[in-house]
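A.B. asks:
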Amino acid sequence: MKIILKKYNKKEKDLNKILENETITRIIKAKRMKWYGHVQRRGNEAIIKKIMKWNPLNTGQRGRPKLRWEDQVINDIKKMGITRAKEKMQDRKEWQKITEKAKKHINL
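In case it helps, full-length UniProt numbering puts the sequence shown at residues 1 to 108.
(1) Quick check on this structure: which residue in 78, 86, 29, 104 has the alpha carbon closest to the alpha carbon of residue 39?
(2) Could you check which residue in 66, 68, 45, 77 has the C-alpha nearest to that of residue 108?
(3) So for residue 35, helix, strand or coil by DSSP?
(4) Which parts of the region 63-90 are runs of the alpha helix (DSSP H), unbroken and 4 residues or longer, counting only runs that do not cross its ends?
(5) Does the Cβ of residue 83 have 16 or more other Cβ atoms within 10 Å, making it buried, or fewer, making it exposed?
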């Protein structure tokens, strides 16, 4: 697929060179992982963590359950082959390194 930007007249492969293998999708997934780590470092009494753990009572839909935001992040972490992710999230600097690697990770 060729994507040509009218303003800059760049092709997709030229953009990939500029972005150094970082695609928009990977950047979004890395930002999502970064936010997830931030939430996990918060205390259990933090509102944001309570909202993330909240389970609505009115869930009686038929069929396969929809993929939640948290499930997508956990799948991305698994695709990267990260073990003991919850422990690594507690160390902010280490988690930042992991999220930077996610921007260029091939499996994401």
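Yeah, the Cβ is synthetic: ideal placement off N, Cα and C, and Gly gets one too. In this text, all values refer to a predicted model and were calculated from it rather than measured experimentally.
C.D. replies: For this structure:
(1) 86
(2) 77
(3) helix
(4) 69-79, 85-90
(5) exposed
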